[in-house]
Amino acid sequence: MRRSTKVVLGLVVVAAAGGVAFTVRANGKGAAEGPPAVVVTRDNLVDRALAIGTIEPVVEISIKSKVSGVVQRRFADVGDFVRAGDPLLEIKPDPTPLELVEARRQVQLREIELANVEKELERQRALLERGHVSQQDYDAAQRRHAEAQLQLQMARERLALLEQGKVTMAGGGAVESVVRSPIDGYILEKMVEIGDPVVPLSSYQEGTVLMKMADMQELIFRGTVDEIDVGRLREGMPAELKIGALPGARVQGVLTMISPKAKKEENATIFPVEIRLTDTGGVTLRAGFSANAEIVIERRDSVIAIPERLVTFQGDSAWVTVDLGNGTTERRAIQTGLSDAIKVEIVSGLKEGERVREKPMKQI
């Protein structure tokens, strides 16, 4: 029993001694060689701000109807290109029986009213010829006659619109149940199907949105940037867009709008921005593509630069460890310039070709 204990203790001592010897050798080797060094070179540095958003048309139009009813026919579908004036949808008037009866009664009432006004006008003309009424009274009778004619015309047009779905106005204009395209463009989205009811657009109600369309020749990037970067942005700065659905595409643009007001999203303060696309690179862009825009704030070409991880910052000063060769080093103060978060420009303190030591790894 006593012999076994001695053997175990002996093995523990040998193992511990071996571990100590290995640690000493490893530390001795690291101290002799030191951390690796990086050669000071010239590089191009670009300071960028990131904007996250989507590709959208400059103008997107909501198509609405001026008459009520139900969708009877569709002439164009999503993705179709239409010219201004081309038919999009046909709205079939669907008046209630009470509305139809009221419209017919209004026509009859206006006809009776016009007949009475015509009789009154004839009487006023006869009295004017005899000198029993003034010209002013006769002019008032003529005005009432013209108003009665107009009221009858309006009642007939409303009845024709309810019964036929199309009417030609007295002034030469026309109101019809066929909704036509107001611009040249593509149909992006449809909101109604055949048989759906339609509320007309008027001065007191928005009306039913039937379709959405846009001119896809004029696209824009709309996105947001963080409040940290917005203070450095200026309108006119160039930008490069990376489209999520097109990994190889590189689209160029120019910053055209920075919102004067921030908004909150998920406890973050962001500012909306717009970037006008100047060069699509020959790719076909679609509305709704998600994209990241890198806005170029500042650019420096062929400047002395080193990885920013080599620099130690202390307050307003910065320094690096320069490898002088033969195992000797020098702590040297430097002045830094533009940084792209990976490399930093060296304004003074280092020359091209010099070697800068990596920071020693922290020992645990």
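Take the sequence shown: its position 226, counted from the start at 1, is 217 in our numbering, and no numbers get skipped.
Note that CB positions come from ideal geometry on N, CA and C, so glycine has one too.
Note that the coordinates shown come from a computational prediction; the quantities given were computed from them, not determined experimentally.
Nearest to proline 84 by alpha-carbon distance, out of Pro188, Gln99, Val49, is Pro188. For aspartate 331, the closest C-alpha among the options Asp314, Leu91, Arg290, Leu341 is that of Arg290.
Going by beta carbons, glutamate 113 and arginine 135 fall outside the 9 Å limit. Within the segment 32 to 72, complete beta strand (DSSP E) segments of at least 3 residues are found at 32 to 48, 51 to 54, 60 to 65, given in chain order. The alpha-carbon separation between arginine 323 and methionine 352 amounts to approximately 20 Å. Leucine 41 and glutamine 326 have their C-alpha atoms roughly 27 Å apart. Aspartate 314 is positioned such that its CB atom lies no closer than 9 Å to that of arginine 277.
For leucine 100, the uninterrupted alpha helix (DSSP H) run begins and ends at 88 to 121, by DSSP.
A straight-line Cα-Cα distance of about 14 Å links isoleucine 178 and valine 170. Of the candidates Leu232, Gly222, Gly198, Gly340, the residue whose Cα lies closest to the Cα of phenylalanine 212 is Leu232. Segment contact: the segment 44 to 53 against the segment 190 to 206, three or more CB-CB distances shorter than 8 Å; contact assigned.
Annotation for glutamine 144: no beta strand (DSSP E) segment contains it, though the alpha helix (DSSP H) segment containing it runs 126 to 155. The beta-carbon distance between lysine 181 and aspartate 34, rounded to whole angstroms, is 52 Å. This is too long to meet the 8 Å contact definition. Your pair glycine 44 and alanine 282 checks out as a contact, with CB atoms roughly 6 Å apart and the cut at 8 Å.
In chain order, Ile211, Gly244, Val245, Thr247 place their CB closer than 7 Å to the CB of arginine 267, counting only its own chain and leaving out the 5 sequence neighbours on each side. Scanning the segment 309 to 335 from its first residue to its last, the whole beta strand (DSSP E) runs of 3-plus residues come out as 319 to 330. Boundaries of the beta strand (DSSP E) around aspartate 217: 210 to 217.
When DSSP states are grouped into helix, strand and coil, glutamate 349 belongs to the coil group. Glycine 239 counts as exposed, since fewer than 16 other C-beta atoms from the protein chains shown sit within 10 angstroms of its C-beta. Secondary structure note for methionine 182: it is in no beta strand (DSSP E), with a DSSP letter that is neither H nor E.
Separation of proline 88 and glycine 235 (C-alpha to C-alpha, rounded to the nearest whole angstrom) is 55 Å.
Assignment of leucine 301 by DSSP, reduced to helix, strand and coil, places it in the helix class. Between the alpha carbons of glutamate 256 and valine 30 lies a distance of about 44 Å. If only complete runs of 3 or more residues are kept, the segment 217 to 299 shows the beta strand (DSSP E) at 229 to 234, 237 to 249, 254 to 256, 259 to 270, 281 to 298, in order along the chain. The alpha-carbon of glycine 340 is positioned some 15 Å away from that of leucine 329. Note that the C-beta distance between glycine 76 and serine 172 is below 9 Å. When C-alpha distances from arginine 65 are compared across Glu81, Arg121, Ile333, the shortest belongs to Glu81. A Cβ-Cβ distance of about 6 Å is found for the pair valine 335 and valine 302, placing them in contact under the 8 Å criterion. With contacts defined by Cβ atoms closer than 9 Å, leucine 150 and alanine 94 form a contacting pair. Annotated three-state conformation of glutamate 81 is strand, per DSSP. About 26 Å separates the beta carbon of alanine 146 from that of arginine 116, a gap too long to meet the 8 Å contact definition. Looking at the DSSP output, valine 170 sits in a beta bridge with Leu80. Proline 188 carries a strand assignment under DSSP once its states are collapsed to helix, strand and coil. The C-beta of threonine 215 has 16 or more other C-beta atoms within 10 Å across all chains shown, which makes the residue buried.
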